[in-house]
Amino acid sequence: MAVSTIEAFYLGTFSDLDPNEGNWQSENSGSLIGQTFGDVYAPLYDSIDSLGLDDANNNGGVSENDNGQVGENLIYNGISATLDSVIDFTVTVTYSDGTTASTQMEILQDVSGRLFLLPYITGSGFNAVLDDKPIQSITLNSIVGDNFSSTVANSEQDAFIDGTVDGTGGADNIGTSYTDADGTQMNAYGGDDTVDAGAGNDSIFSGAGDDLVYGGDGNDYIEYGAGQDTVFGGAGDDIIDDVSGFSEIGNDFIDAGSGNDTVWTGFGSDTVFGGDGADIVFGEGDNDLIYGGTGSDSLYGEDGNDTIYGGEDPATSVNGSNTVTSTYNVIHLGSGAEVDDNESNFANEYASALLGSYGGAGNELYNAFQQASVTDSNANTSIDMDHTGTPEIITIGGVAKMVDTGIVYNATVTFTDATTGTFTAVVIQTTDGEVYMMPEMSNNADNALLTSKPIQSISLDSVNVGYTNITSSRLDADYALPGDSDTFGDLIDGGAGNDVIFGGLGNDTIAGGDGDDTILYGAGADTVVGGDGNDFIDDTAAIEETGDNSLSGGAGDDTIFAGAGSDTLSGGSGNDALYGENDADTFQIEDGFGSDAIFGGEGGIDDDAIDLATLTGAVTVSYSGNEAGTITNGIDTLAFTEIERLILTGGADSVNAGADTVGINVIAGAGDDTIRGGSGADTIQGEEGNDALYGQNGDDSLIGGAGDDYFDGGIGNNTLSGGDGSDFFDIGTGNDTIIGGEGGTDRDVVSIARLNDAITVTYSGDGQGTYFDDDGDSGQFSEIEAWELSSGADNFDASADSAGVEVDAGAGNDSVVGGSGNDTIVGGAGNDTLTGGAGNEIFSYAAGDGADTITDFNFGNTGTLDDADTTNNDFIDLSAFYDNIWELHADQADDGILNQSNDGVGGVDYSDNDSFGTGSLTFSGASANNSSFTSENTGVVCFAEGTAIRTPMGDVAVEDLQPGDLISTLDAGPQPLVWVGCTDLTLRAGTIDPCATPVRIKPSRPGINRALLVSPQHCLLMDLPDGSTVFCRARHLAEETRLASFAKGRETIRYYHLLLPEHHVLISEGWCSESFYPGSQAMALMNPVERARLVAAVPHLQDKKPSAAYGPRARRVLARKDVQGRFSNGALALSNADQSRRIPPYKITSMASVVSNQRLAEASGPICP
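Reminder that position 440 of the sequence shown reads as 440 in full-length UniProt numbering, one-by-one numbering, no gaps.
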């Protein structure tokens, strides 16, 4: 068995051409007539395949199965199938260049339906046209002879041209004269080859050697090999690659040309020009030089110390030496008609023929610089013209030329920025008609003009000297070339190594990668990341940078210059130097910022900011002068100068700008910050957190934001805005504007307390008005709820307010007038006159406050006294001065003034009470009875609903107790309940009513989650250091110690009163506290129904003092001042029955002397329905 391999076109799978075997006919072969295979998009020269012929019987050909042959097969793609049909056709061949030819070919089909088109046997004349040119398509015209041929002999093996031009192992020159289909493949193989593919989509494999490759027009694939290759991609979207990965070694030059090209350079120090279009360039190994050209390029330096230009090369010059020499730069103006047609008269007959403009937009003369050199053969220092008969030679651009004539013109230059200038131009014309402008003889004004900017055009305006000899040695002018004109944004990645990167124009994204990189970005809004290493980042000197850039140094000690524009700079970790230069720049600081130096710059829109918001810890900022200072987080420290604004962290930051005189701008961020301004006009924003803001000197603007902030405006005309939260404004001198703010838990306070000057405050509406003091300071305020006045004789008038105010008048003889809301007024030291106005006021008086007068106590009540609602009438807490309401009534009655003047009269004893001393209280129009001072002016001794009371049977809720139940006492064991009463009160949630708001005492032991709630006047047992015990009132514990607190979240409360046969210490929620003591104060506070029930149980209360009708208290009651003093000395503690003492044995005390059992039952009545 013999198998031969031939070339054939595989046409695909078709229906069976010979369905009936044994009749020597291919019945359906006519179906192929007129069909064309291949086209311009899928040419046949791309479908040349290998076809195996299996000659099983070794007769020199493969026979189809009609003649009974078995095992005569076609082998394609490794699959063998029996030959079924062989038909000869006349065909029309269409070549890739569009020409045609006619010939004959064979069609083969195997039993699987696969169809093949192939040439005749070797040597057949029909095959000549098949290898003439690459074949694009073939049309089957007609069947030759019968529609049957039984045997196919071995066809010609290389009958077709596949579009690939193959070189040799030597130095080949493969040009467009070689057969080149539209999409030629050229294999140059080894040697120093020159390949010119011409137009079309070519595939070029240059192989080893120092090759020169021209891709030409079209989308080419160029693969170069080892050696120092030069590759020009030409127009089209080309792919230019080294052999594989980094394997190509050699210092290559690659010019990708126009189009969206992709280039890989391999190893070696390569030079790449991307050209026009959106190019992608990979520098791969070693130190490469890459120019992106115009378009949105992506440039990756990868390994090595690369130099990368995002656009065209930056602004340069032609590198003239600026010295007088016989070799210098000339400007080629173009060509013109001969101006000197008579070589014997030393004149230019037609010098004016060259007048006019040369160059222009799109034809700029900066592209027309050429180098010239002169050989002064006769040493006469001049270029001899053609007039002499022996003209000298000037070599321009490497071409030797004879000088015909020289002329001087008055000329105008136009630069690329549209500016112009006039100068004197020296022009020569060579004998070939070309016109050149010579440089000047020295560094004169004309030379300075012509070399100052890139030249766009030159106009020869008039003839200055019609004929002149040209000195052979002239100035080697250093003419300016333009910078990058590519305005597309590039993507540049330097990769590893110490790279030099030029961004150029456009909005570029540049990553330096590892290594100590130099990155010069250009105009546009660029994003630059230096990466690891000590990087240098700057705008390109030749391109004035004006974009808003994002510049990040990354790790390492970086230096960054931002140029003009509102830039964002980040040094990253390391000791960086950051220069904002012109306009409003932001310096973003990160954790681990090191010892940075920041220079904001002063040009342009000058508002430079340091942003510390991302730091995880607080910072301390210390100013050393105007816009200068240091910032530290305790680990790293940076120095700054020319900074106008600071954005602080989310921690508790501290700023001291005392050394600044021009004003600071600080945004403090979250955290409890302390910011001190300088002597300039400062702007400070506290934002979230409880901040302390100090304006110091100058006209400052302080904005608190959310949180309970402290303001000290200092000296100057300040604007203070509190924002959300309860803010405190400590006012200095000047004319201030104060805005309290209404958000959050709102209680904004203005304090004049530190000033000696008397102040006058006048409200003009709710929470707003004006103020002034005795020495000329003044201001206006709004959204203010409370005031602390000065130590002088202040005048406070809130009569225009209806929302309610709080005033602490401080020392001095003050006059305070409230508004129509519910006011809280504290007269303080001095003899004050207090007027509450309409509404339910709370007045406060303490020992040492002076002789105060309240002009309208109870005059503005919104409810009636003794209606069980403590929120609808005026209140003043005098419980520290009197044990009961009878004592207060008696004091008022003897001289119309509350001053304890009845001490010792009728058994009154004030020794355990606070003393008025030289002070007093005068209530205008008040009476010495319950019409002015009632149960709703003081407190009630009682337990809150739900309180657990200790009994012999265990703890029982107070509301479940009934008269007759036994209660465990500390001193006398179980005692029966005589009477149970209750009082319902309505409270103002969120505020403290010192006569009604319940007092909370923490749980008595671990595992007990329930706190004890009692009325403010309720007494709790306290342990003293000597082992003795005393009573303290609950409100004094809440106000003067940390042992208790007001529970101000309630809107209603029900208090229960437990009366025992005698006053006792009982156990409530594990704490030792008093039972109900029916004193005059408590009796006065009861509503009439409860009071009647109590008197029915203890009749003597109706006509005797409590001490006589009921008996003494179980313990002495400490005055407020003693509570405060003992607690501050650590000599006071709550008595805990569960931890400090044992309940004594139970003992029932007879009640015969107090109340009969029958009256006990009768007195109980209904308990708290």
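Backbone N, C-alpha and C fix where the C-beta goes; we use that ideal spot for every residue, glycine too.
With 16 other Cβ atoms within 10 Å as the buried cut-off, status of Val40: exposed
Backbone secondary structure at Pro1099 - three-state DSSP: helix
Touching by the beta-carbon criterion (3+ pairs, under 8 Å), the region 827-834 and the region 896-911: no
Alpha-carbon to alpha-carbon, Thr824 and Ser844: 8 Å
Exposure of Ala996, with buried meaning 16 or more beta-carbon neighbours within 10 Å: buried
Lys1002, buried or exposed, once every other Cβ within 10 Å from all chains shown has been counted against 16: exposed
Reference Leu834; option with closest CA among Leu140, Gly848, Glu806: Glu806
Residue of Gly125, Asp960, Val93 minimising C-alpha distance to Lys133: Val93
Close beta carbons around Ser679, own chain, < 7 Å, minus the five adjacent residues each side: Thr661, Gln696, Asn697, Gly698
Status (buried if at least 16 other CB within 10 Å, exposed otherwise) for Pro998: buried
With 16 other Cβ atoms within 10 Å as the buried cut-off, status of Asp180: For Asp180, the predicted model reports a pLDDT of 49, less than 50, meaning its position is unreliable; a value from the coordinates is still stated below. With 16 or more Cβ atoms within 10 Å of its Cβ, Asp180 is classed as buried.
Unbroken beta strand (DSSP E) run spanning Lys401, endpoints: 399-415
Cβ separation of Thr347 and Gly359, assumed to be a contact under 8 Å, to the nearest whole Å: Note on identity: in this sequence residue 347 is Ala, with Thr being the wrong assignment. The pair is not a contact, with the Cβ atoms about 28 Å apart (cut-off 8 Å).
Closest residue to Gly707 among Gly723, Arg114, Asp279 (Cα-Cα distance): Gly723
Residue from Ala972, Ser726, Ser751 whose Cα sits closest to the Cα of Gly743: Ser726
Cβ shell of Glu338 (< 8 Å), same chain only, five flanking positions each side left out: Tyr350, Asp404, Gln429, Gly433
Through-space distance from Ile87 to Pro119, alpha-carbon basis: 12 Å
Supposed contact pair Ile759 and Asp794 - C-beta distance, whole angstroms, cut 8 Å: 5 Å
The region 459-479 contacting the region 490-500, beta-carbon criterion three pairs below 8 Å: no
beta-carbon Ala42 near the ligand HEM non-hydrogen atom, thresh 7 Å: Ligands displayed in this structure: none; no statement on the ligand HEM is therefore possible.
Close-in-space but distant-in-sequence residues of the same chain around Leu755 (CB under 6 Å, 5 per side omitted): Ser790
DSSP-derived helix/strand/coil call for Tyr1146: Confidence at Tyr1146 is low in this model, with a pLDDT of 35, below 50, so its placement is unreliable and the value that follows should be read with caution. In this structure, Tyr1146 counts as coil in the three-state DSSP scheme.
6 Å CB neighbourhood of Ile643 in its chain, flanking five on each side removed: Gly600, Asp608, Ile610, Glu627
Cβ-Cβ distance between Phe1031 and Leu970 below 8 Å: no
Beta-carbon contacts of Val3 that lie in its chain and below 8 Å, excluding the five residues immediately before and after: Gly52, Leu53, Asp54, Asp55, Ile75
Beta carbon proximity, Gly98 to chain D, threshold 8 Å: The question asks about chain D, but that chain is absent: this structure has only one protein chain.
Cut-off 6 Å between Cβ atoms - residues of its own chain near Glu887, not counting five sequence neighbours on either side: Val908
Neighbour-count burial assignment, Arg1035, 16 or more Cβ in a 10 Å radius: buried
Asn447, enclosing alpha helix (DSSP H) - first and last residue: 445-450
Beta-carbon spacing of Asp874, Gly860 below 8 Å: yes
Beta-carbon proximity of Pro439 to Asn329, cut-off 8 Å: yes
Cut-off 6 Å between Cβ atoms - residues of its own chain near Glu945, not counting five sequence neighbours on either side: Glu959, Arg1054
Nearest-angstrom beta carbon gap, Thr395 and Ser373 [assumed within contact, 8 Å]: 5 Å
Whether Gly257 touches Gly234 by CB criterion (8 Å): yes
Gly12, buried or exposed, once every other Cβ within 10 Å from all chains shown has been counted against 16: exposed
Whether Ala657 touches Arg676 by CB criterion (8 Å): yes
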